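Here the structure comes first, spelled out in structure tokens, and everything after it is commentary.
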Amino acid sequence: MNKLQVTSYKLQISQRGFILSLAVLISAVILSIGLSVYNIISKEVILASSGRESHFAFYAADTATECALFWDVKQGIFATSTDSLTYGQSGTVDAKCDGVTILPIAVTGDQSSAVSSFGFSGAHYCASVTVSKSGNGTTIESRGYNTCVLTDPMRLERAISLSY
42 MNKLQVTSYK
52 LQISQRGFIL
62 SLAVLISAVI
72 LSIGLSVYNI
82 ISKEVILASS
92 GRESHFAFYA
102 ADTATECALF
112 WDVKQGIFAT
122 STDSLTYGQS
132 GTVDAKCDGV
142 TILPIAVTGD
152 QSSAVSSFGF
162 SGAHYCASVT
172 VSKSGNGTTI
182 ESRGYNTCVL
192 TDPMRLERAI
202 SLSY
């Protein structure tokens, strides 16, 4: 009689740890995608907040321009030459911008033109203004800042120039 012989074959798997390597690879890809999304989102948040801060700087410049225009047109406190004494310098007018006194006003120039400068700061912003007068023309340059801290790396400046 023939005997059946049972033989067993053992598979030799030479690719041990393949599933583990695949899992690590997929985890690394998902982690890098997550970090990339986080990086993009954090930059978007910074961009959005800088837009908001830019508005504050512009509003400061606009407020300072309107204030200088008011005091120049209504009161004429800015010098037309270094020979002319202004109301602001003589102390007869209490010039205020946004509730803050803007005096003293620095004046430079010559007999035919003058440049008056002043600055003021509000609760969260500040501005510097230069009023240049020569002949029949006047130019108001205002620079607004979202913060008054000079060393702040997020400090923004917006400028407005007005000629009439």
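Residue numbers (this note's numbering): 42 to 205. Even for Gly, the Cβ is constructed at its ideal location relative to N, Cα and C. None of these values were measured; they are calculated from a predicted model.
On the DSSP bridge assignment, give the partners of glutamate 182 in chain order.
Under DSSP, glutamate 182 takes part in a beta bridge, and its partners are Thr171, Ser202.
Rounded straight-line distance, which links the Cα of cysteine 167 to that of leucine 191
Each residue's alpha carbon lies about 11 Å from the other.
Just mark leucine 177 as buried or exposed, buried being the case when its beta carbon has 16 or more other beta carbons within 10 Å.
The question names leucine, yet the displayed sequence has asparagine at residue 177. Under this definition asparagine 177 is an exposed residue.
Residues of its chain near glycine 132, where Cβ-Cβ distance is below 7 Å and the 5 sequence neighbours each way are ignored:
Unreliable positioning characterises glycine 132 in this predicted model, as indicated by a pLDDT of 45, which lies under 50. The coordinate reading is nonetheless provided below. Cβ neighbours of glycine 132 beyond the five flanking positions: none.
Entirely within the stretch 54-112 and at least 4 residues each: give me those alpha helix (DSSP H) ranges in chain order.
Within the stretch 54-112, the complete alpha helix (DSSP H) runs of at least 4 residues fall at 59-111.
In this structure, how does DSSP classify lysine 137 when only helix, strand and coil are distinguished?
Strand.
By Cβ distance below 8 Å, which residues in the same chain neighbour aspartate 139 in space, the five residues on each side in sequence not counted?
Excluding sequence neighbours, aspartate 139 sits near Thr104, Cys108, Phe161, Gly163.
Which of helix, strand or coil DSSP assigns to valine 190:
Coil, per DSSP.
Distance, serine 183 Cα to isoleucine 143 Cα
Whole-angstrom Cα-Cα distance: 13 Å.
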